[in-house]
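Notes follow the structure.
In this note's numbering, the protein residues as written are 28 to 211.
Dropping the structure here:
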């Protein structure tokens with residue numbers, strides 16, 4: 028039996044039953060995990076995992092990427108479509124349900140899918156993680172079924188002064204990508 032603050036769902040329903048806006052609560056007993064396996068037309072490969080504890084919680088994004096350029100910063104974004112039929116170009120634009128311009132992960136004005144840059148080591152490998160407030164696995168703006176793309180260039184975070192800067196961050200071609208799927 029699932030309890031919240033020591034109360035069962037039935038007890039909560041009884042105590043709040045007179046509220047006209049009461050909705051059935053969404054209970055997630057375990058964090059949600061999703062994963063994308065990165066592949067492409069190059070030697071870049073790896074995995075990107077996502078974990079969110081509850082609908083309102085931030086999401087942790089972790090990556091383990093190999094085969095990229097050595098000692099570089101490279102852009103990474105969630106793109107709108109889970110379509111890789113024509114390689115990573117089929118993934119479409121950055122996931123942007125709010126119609127904002129491109130920006131850095133810490134910016135208020137940014138696409139939901141804007142994850143900034145990751146750094147590679149001397150062998151072109153990258154391992155790390157970030158926590159993001161806009162990427163969601165639970166709810167109407169879930170990234171499940173969308174594509175994560177690793178780019179060949181550095182994301183200028185919308186501050187490059189070029190026309191593409193506010194759309195793509197001038198992050199360049201898409202050497203690897205993967206559809207975000209259910210991991211557990």
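Built from N, CA and C at the ideal position, the CB exists for glycine as well.
Given the structure is predicted, the values throughout are model-derived calculations rather than measurements.
Taking the Cα of residue 69 as reference, the smallest distance to any Cα among 200, 100, 78 and 59 is reached at 200. Less than 9 Å separates the beta-carbon of residue 182 from that of residue 143.
Taking the Cα of residue 196 as reference, the smallest distance to any Cα among 105, 119, 84 and 131 is reached at 131. Residue 170 sits close to residue 122, with the two beta carbons spaced by under 9 Å.
When DSSP assignments are scanned along the segment 99-125, the uninterrupted stretches of beta strand (DSSP E) that are 3 or more residues long and fall wholly within it turn out to be 100-106 and 112-115. The three-state reading of DSSP puts residue 69 in coil, since its state is none of H, G, I, E or B. DSSP, reduced to helix, strand and coil, places residue 78 within a strand of the structure shown. Residue 204 has its alpha-carbon roughly 6 Å from the corresponding atom of residue 177. Apart from the 5 residues on each side of it in sequence, residue 140 sits with its Cβ closer than 7 Å to the Cβ of 104, 105, 106, 121, 122 and 123 in its chain, given in chain order. Judged by their CB atoms, residue 164 and residue 86 are nearer to each other than the 9 Å cut-off.
Sorting 90, 97 and 202 by C-alpha distance to the C-alpha of residue 77 places 90 at the top. Around residue 154, the same chain offers 91 as residues with beta carbons nearer than 6 Å, after the five sequence neighbours per side are excluded. Taking a C-beta distance under 9 Å as the contact criterion, residue 63 and residue 175 qualify as a contact pair. Membership of residue 156 in the beta strand (DSSP E) is indicated by the continuous run 153-159. Listed as beta-bridge partners of residue 62 by DSSP are 76 and 208. Ranked by Cα distance from residue 109, the first of 172, 66 and 60 is 172. The C-beta distance from residue 60 to residue 211 rounds to 5 Å, short enough to fall under 8 Å. Here residue 151 really is in contact with residue 95; their C-beta atoms are around 5 Å apart, less than 8 Å.
By the neighbour-count definition (other C-beta atoms within 10 Å, threshold 16), residue 97 is an exposed residue.
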